[in-house]
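Written out below as structure tokens is the structure these notes cover.
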Amino acid sequence: MRITLFGTGYVGLVTGTCFAEMGNDVMCVDVDKDKIKALLRGEIPIFEPGLESMVQANTASGRLDFTTDAAAGIDHGEIIFIAVGTPSDEDGSADLKYVLQVADTIGSHMTSRKVIVDKSTVPVGTADQVRETIVAALARRGADVEFDVVSNPEFLKEGAAVADFMKPDRVVIGSSEQWSKEMLDRLYAPFNRNHDKIVHMDVRSAELTKYAANVMLATKISLMNEFANLAERLDADVEAVRRGIGSDPRIGHHFIYPGAGYGGSCFPKDVKALIHTAGDIGYDAEIIRAVEAVNQRQKHVLVDKIIEHFGGKLDGLTFALWGLAFKPNTDDMREAPARSVMESLWQHGANVRAYDPTAMDEAQRIYGKRDDLTLCEKRDETLKGASALIIITEWNQFRSPDFEMLRGALKQPVIFDGRNLFEPSIMRDLGFSHYSIGRPSVRAGE
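And the structure:
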């Protein structure tokens, strides 16, 4: 099938590449000329396991192309995906400017029947706005071209997006016309061989499904962090609690790991957007508001522990920090807890020596050159002159360090473990002060 995608960001690039991998003829359109040139060279703008080699192979085969020519892309695709960004406005709402710009462009150029697919995460009712925008653009031209607008939200996990797309748990398709539904069924047929994974519904329900899924997962994280904060105050161990509740199949083990808060491009934005949508219709979404509030508070829990341990005097101290990305296997630092921790430490006059396996360039892009931040090329270089170690992201290479080396390198044998990687009792026996999330704190020598 001939597929066009507008947007070569995270969702657009993964989607287009995976469709090409299944034999479709895919053209990706973006306004960023430098990004398109890089993609044509096989260079991708994000870190995602398995994606770069797949882009290179499908570009070489001729099944995947990249262009800045919107008219050519519209002419090419029988199915056109809109996968551009929907950043949060200051009030938390999703900014649909880029989505509607693409819709206007489609209506200004299309000459044959098209299925227009909203792939971006968009508020309920966006398909109606896209439809109205296309109709208005067609009217300006005096054209009458058949089309349908479909909602097909993505459910990709950063760090596992290629695997998620190639072997989806479900494919949600919200449509109103039988012919567009059949075209999407045909497109997704190669991903739907073992059993029927396609879930058909109306367009508005599909739009809400995406938000509901992300808010549900964010709720599990914030609720588990609430349990962790309670456990600390009740002399309980949240890791024991986690195992106890996770063994219940109604709850399960996914997304119940306490930590320093959630981040990334999806959960924070989507939670805020759904709160705003609820407000627009006069509904007070109390639980969803609490999810956001708990997460913002959780991002400061580690800093509170650091301040307490050092008696409120952080000025001039240096901290080693392991993990900048909001989760492993990505370089995404959007809303990352590490950003909140570093920025709070800087406000208290502290310095940070940081390392992440993939997010160093992204950290440099965000913060530039500053005297209180050193980005280290190797994990253990962060320890030089550091008064304590802070762990924010649970990369595998952080799980089993040389503790004897750690104790000797740090000015004080102190670890602030934001992902509960280490067992407190073992840390005590190794001579460390160890602070975690929802577990008993131990102090060296006690």
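Taking my numbering, the leading residue of the sequence shown gets 703, the next gets one more, and so forth.
Using N, Cα and C, we set each Cβ at its ideal position, and we do this for glycine too.
Values in this document were obtained by computation on a predicted structure and should not be read as measured data.
Do you know how far the Cα of residue 991 is from the Cα of residue 1111?
Taking the first residue of the sequence shown as 1, we reach residue 1111 at position 409. Taking the first residue of the sequence shown as 1, we reach residue 991 at position 289. For residue 1111 and residue 991, the distance between alpha carbons rounds to 43 Å.
Just how far apart, CA to CA, sit residue 913 and residue 1142?
Counting from one through the sequence shown, the residue named residue 913 turns up at place 211. Counting from one through the sequence shown, the residue named residue 1142 turns up at place 440. Taking the straight line joining both Cα atoms gives about 35 Å.
Residues of its chain near residue 835, where Cβ-Cβ distance is below 6 Å and the 5 sequence neighbours each way are ignored:
Walking along the sequence shown from the start, residue 835 turns up at place 133. Around residue 835: 802, 805, 806.
With distances taken between CB atoms, is the gap from residue 769 to residue 746 smaller than 8 Å?
Position 67 of the sequence shown, counting from 1, holds the residue named residue 769. Position 44 of the sequence shown, counting from 1, holds the residue named residue 746. No. Outside cutoff.
By how many angstroms is the C-alpha of residue 715 removed from the C-alpha of residue 1005?
Reading the sequence shown from its first residue, position 303 is the one you call residue 1005. Reading the sequence shown from its first residue, position 13 is the one you call residue 715. Cα-Cα distance, rounded: 36 Å.
Beta-carbon contacts of residue 1087 that lie in its chain and below 8 Å, excluding the five residues immediately before and after:
Along the sequence shown, one-based indexing puts residue 1087 at 385. Hits under 8 Å: 1020, 1055, 1113.
Thinking C-alpha only, which one of 916, 868, 923, 917 is nearest residue 899?
Here the question's residue 899 lines up with position 197 in the sequence shown. Residue 868 is the option with its Cα nearest to residue 899.
So residue 814 packs on residue 852, CB below 8 Å; how close in whole Å?
As a first step, residue 814 is located in the sequence shown; it is residue number 112 there, counting from the start. As a first step, residue 852 is located in the sequence shown; it is residue number 150 there, counting from the start. So it is not a contact: roughly 17 Å between Cβ atoms.
Nearest to residue 712 by CA position, among 859, 974, 874, is which residue?
Taking the sequence shown and counting its residues from 1, one reaches residue 712 at position 10. Measuring from the Cα of residue 712, the nearest candidate turns out to be 859.
Do the CB positions of residue 879 and residue 850 come within less than 8 Å of each other?
The sequence position of residue 879 within the sequence shown is 177, counting from 1. The sequence position of residue 850 within the sequence shown is 148, counting from 1. Contact flag set, yes.
CA-CA distance, residue 720 and residue 891?
What you label residue 720 is simply residue 18 of the sequence shown in a count that begins at 1. What you label residue 891 is simply residue 189 of the sequence shown in a count that begins at 1. One C-alpha to the other measures close to 13 Å.
How should residue 956 be labelled, buried or exposed, when 16 other C-beta atoms within 10 angstroms of its C-beta is the threshold for buried?
Taking the first residue of the sequence shown as 1, we reach residue 956 at position 254. The residue is exposed, with fewer than 16 neighbouring Cβ atoms inside 10 Å.
Kindly indicate the opening and closing residues of the beta strand (DSSP E) around residue 853.
Counting from 1 along the sequence shown, the entry for residue 853 is found at position 151. From DSSP, the beta strand (DSSP E) with residue 853 extends over 849-853.
Residue 1032 by DSSP, collapsed to three states: which one?
Translated into the one-based positions of the sequence shown, residue 1032 becomes position 330. Residue state, collapsed to three classes: coil.
Just checking my contact of residue 870 with residue 823 at CB under 8 Å: how many whole Å lie between their CB atoms?
In the sequence shown, the residue the question calls residue 870 occupies position 168. In the sequence shown, the residue the question calls residue 823 occupies position 121. Rounded, the Cβ-Cβ distance is 16 Å, inconsistent with contact.
So, residue 1096 versus residue 1121, is the Cβ gap smaller than 8 Å?
Taking the sequence shown and counting its residues from 1, one reaches residue 1096 at position 394. Taking the sequence shown and counting its residues from 1, one reaches residue 1121 at position 419. It is a contact, given that the beta carbons lie within the stated cut-off.
The alpha helix (DSSP H) that contains residue 1095, what's its start and end?
Indexing the sequence shown from 1 puts residue 1095 at position 393. Per DSSP, residue 1095 belongs to no alpha helix (DSSP H) and is neither H nor E.
Same chain only: Cβ atoms within 7 Å of residue 1018, ignoring 5 sequence neighbours per side:
Your numbering for residue 1018 matches position 316 in the sequence shown. Cβ neighbours of residue 1018 beyond the five flanking positions: 1051.
Whole-angstrom distance between residue 865 and residue 812, CA atom to CA atom:
On the sequence shown, position 110 is the one that residue 812 refers to. On the sequence shown, position 163 is the one that residue 865 refers to. Looking at the two C-alpha atoms, the distance is approximately 33 Å.
Assign residue 723 to one of two classes, buried (16 or more other C-beta atoms within 10 Å of its C-beta) or exposed (fewer than that).
Reading the sequence shown from its first residue, position 21 is the one you call residue 723. When all chains shown are included, residue 723 counts as buried.
In chain order, each alpha helix (DSSP H) run of at least 4 residues that lies wholly inside the stretch 1068-1132
1105-1111, 1126-1131
In this structure, does DSSP put residue 730 in helix, strand or coil?
Sequence index remark: in the sequence shown, residue 730 carries index 28 (1-based). Looking at residue 730 - three-state DSSP - the assignment turns out to be strand.
Select from 843, 989, 1035, 1047 the residue whose C-alpha is nearest the C-alpha of residue 1012.
Looking up residue 1012 in the sequence shown gives position 310. Nearest of 843, 989, 1035, 1047 to residue 1012, Cα basis: 1047.
Who pairs with residue 820 in a beta bridge, going by DSSP?
Sequence index remark: in the sequence shown, residue 820 carries index 118 (1-based). Per DSSP, 784, 853.
Just tell me which of 1146, 831, 1124 has its CA closest to the CA of residue 1103.
Within the sequence shown, the letter at position 401 stands for residue 1103. Closest option to residue 1103, Cα to Cα, is 1124.
Presumed contact (8 Å Cβ cut-off) between residue 766 and residue 718, rounded CB distance
In the sequence shown, the residue the question calls residue 766 occupies position 64. In the sequence shown, the residue the question calls residue 718 occupies position 16. Rounded, the Cβ-Cβ distance is 7 Å, consistent with contact.
Could you give the residue range of the beta strand (DSSP E) that holds residue 873?
Position 171 of the sequence shown, counted from the start, is the residue given in the question as residue 873. That run of the beta strand (DSSP E) goes 873-876.
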